[in-house]
């Protein structure tokens with residue numbers, strides 16, 4: 004019976020039940036009202052999802068743009084790990100589009116199991132429950148169900164933090180390399196690792212220090228391997244950077260607060276990007292927890308500032324959903340006499356934003 008004790012525990016059935024509720028609710032909402040696409044599969048694979056699907060199905064492709072032959076088009080501007088896993092699973096007798104969606108769902112479910120267990124060990128069952136609820140109710144959390152790499156990103160991140168806090172540093176080495184080539188912001192994981200290496204410089208064994216240092220090196224190895232692939236196949240080591248630097252994307256290194264300031268002063272407050280930034284700042288002000296582990300805070304702020312550091316706030320509304328320490332902060336409010344009532348306000352505003360803004364735009368293919 005011990006073998007099945009975990010399956011009977013709250014650590015398993017609470018996040019699993021919440022995951023099922025999330026799936027059913029999301030499907031119901033996405034199938035209600037007007038929408039652009041003829042099938043649910045197509046709705047869950049739009050914009051960047053089409054590129055990830057094409058990479059998994061056909062591999063990387065690069066060609067001159069029809070509208071501007073001097074520019075590069077194709078799918079070379081998207082990171083490889085998520086579609087690589089999808090392509091490996093293509094041996095199954097299942098259509099590749101279903102594999103990509105199923106991979107996101109499976110990754111999200113496993114990530115929730117880890118997040119619940121991680122938060123419970125760090126705080127309590129009650130906070131773990133409300134952390135999951137806070138994450139699921141964030142207005143753009145539905146992106147976890149799409150053919151985007153956010154679910155896999157969250158899964159890899161939760162595995163890394165679990166092993167980091169349990170001091171099982173050896174496992175961080177392959178996981179760090181994988182996360183680095185899952186999404187550009189994967190390099191943010193270096194911040195909590197570097198802090199851990201510095202924090203434990205006097206108490207860690209030589210082996211532990213080597214494992215932590217190797218994890219940091221693995222991030223560079225992963226990115227270098229990706230660049231080497233581009234060099235061998237397309238004769239351009241920095242192809243990803245060149246692709247993203249094109250006028251359509253206009254990504255360039257910028258001090259993040261300048262980017263955020265320019266966005267809030269140029270775009271109207273009712274614009275979806277301005278609303279997202281304002282909402283996120285409000286959550287930080289209301290729910291910020293100073294005594295949260297500094298490694299979690301480094302990761303959270305790293306994610307929240309990563310996109311503006313690239314000189315843009317495009318798609319900011321979905322880039323930040325992997326900042327899980329923010330949702331732990333919101334979950335912590337349930338045990339605060341002063342802040343617990345704010346959770347109700349968070350829930351109400353999140354539902355309104357999702358129901359009347361983000362989801363309708365996504366269903367009509369207007370949310371990248």
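Numbering (our numbering), first residue to last: 4 to 371.
Don't be surprised by glycine CBs; every beta carbon is placed ideally from N, CA and C.
| Asked | Found |
| --- | --- |
| Can you tell me where the alpha helix (DSSP H) holding residue 89 begins and where it ends? | 84 to 91 |
| State buried or exposed for residue 120, treating a residue as buried only when at least 16 other CB atoms are found within 10 Å of its CB. | buried |
| So, helix, strand or coil for residue 66, using DSSP? | strand |
| Report the rounded CA-to-CA distance for residue 95 versus residue 60, giving the unit in angstroms. | 13 angstroms |
| Using CA coordinates, which residue listed in 43, 20 and 357 is at the minimum distance from residue 104? | 43 |
| Please classify residue 75: does DSSP put it in a helix, a strand, or coil? | strand |
| With DSSP as the reference, label residue 239 as helix, strand or coil. | coil |
| Relative to the C-alpha of residue 291, which residue among 150, 343, 242 and 17 is closest? | 343 |
| Between residue 226 and residue 190, what straight-line distance do the alpha-carbon atoms span, to the nearest angstrom? | 9 angstroms |
| Compute the beta-carbon to beta-carbon distance between residue 84 and residue 184, rounded to the nearest angstrom, for a pair I have assumed lies under 8 angstroms. | 5 angstroms |
| Could you check what DSSP says for residue 119 in three-state terms: helix, strand or coil? | helix |
| Report the rounded CA-to-CA distance for residue 102 versus residue 55, giving the unit in angstroms. | 12 angstroms |
| On the three-state DSSP scale, how would you describe residue 142? | coil |
| Tell me which same chain residues have a C-beta within less than 6 angstroms of the C-beta of residue 357, skipping the five on either side of it? | 142 |
| Give me the Cα-Cα distance between residue 228 and residue 180, rounded to the nearest whole angstrom. | 10 angstroms |
| Near residue 307, what residues of its chain come up, given a Cβ to Cβ distance below 7 angstroms and the 5 sequence neighbours on each side ignored? | 283, 323 and 326 |
| Cα separation between residue 360 and residue 66? | 36 angstroms |
| May I have the straight-line CA-CA distance separating residue 347 from residue 28, to the nearest angstrom? | 19 angstroms |
| Beta-carbon within less than 6 angstroms of residue 24's beta-carbon, same chain only, minus the 5 sequence neighbours each way: which residues are those? | none |
| Less than 8 angstroms between the C-beta atoms of residue 146 and residue 156, yes or no? | no |
| Report buried or exposed for residue 130, applying the criterion of at least 16 other Cβ atoms within 10 angstroms of its Cβ. | buried |
| Tell me whether residue 270 sits in a helix, a strand or coil according to DSSP, three-state version. | coil |
| How big is the Cα-Cα spacing for residue 243 and residue 331? | 33 angstroms |
| Cα separation between residue 278 and residue 49? | 23 angstroms |
| Would you mind sorting residue 10 into buried or exposed? The rule is 16 or more other CB atoms within 10 Å of its CB. | exposed |
| Considering Cα atoms alone, identify which of 369, 19, 354 and 63 is closest to residue 114. | 19 |
| Please list, in chain order, all residues of the same chain as residue 86 whose beta carbon is under 7 angstroms from its beta carbon, the five residues on each side excluded. | 55, 58 and 59 |
| Measure the beta-carbon distance from residue 14 to residue 123 and round it to whole angstroms, keeping in mind my assumption that it falls under 8 angstroms. | 7 angstroms |
| Note down, in chain order, each residue of its chain lying with its Cβ closer than 8 angstroms to the Cβ of residue 345, except the 5 sequence neighbours on either side. | 289, 290 and 336 |
| When the Cα atoms are used, what is the spatial distance from residue 207 to residue 220? | 18 angstroms |
| Mind checking whether residue 266 and residue 275 have CB atoms under 8 angstroms apart? | no |
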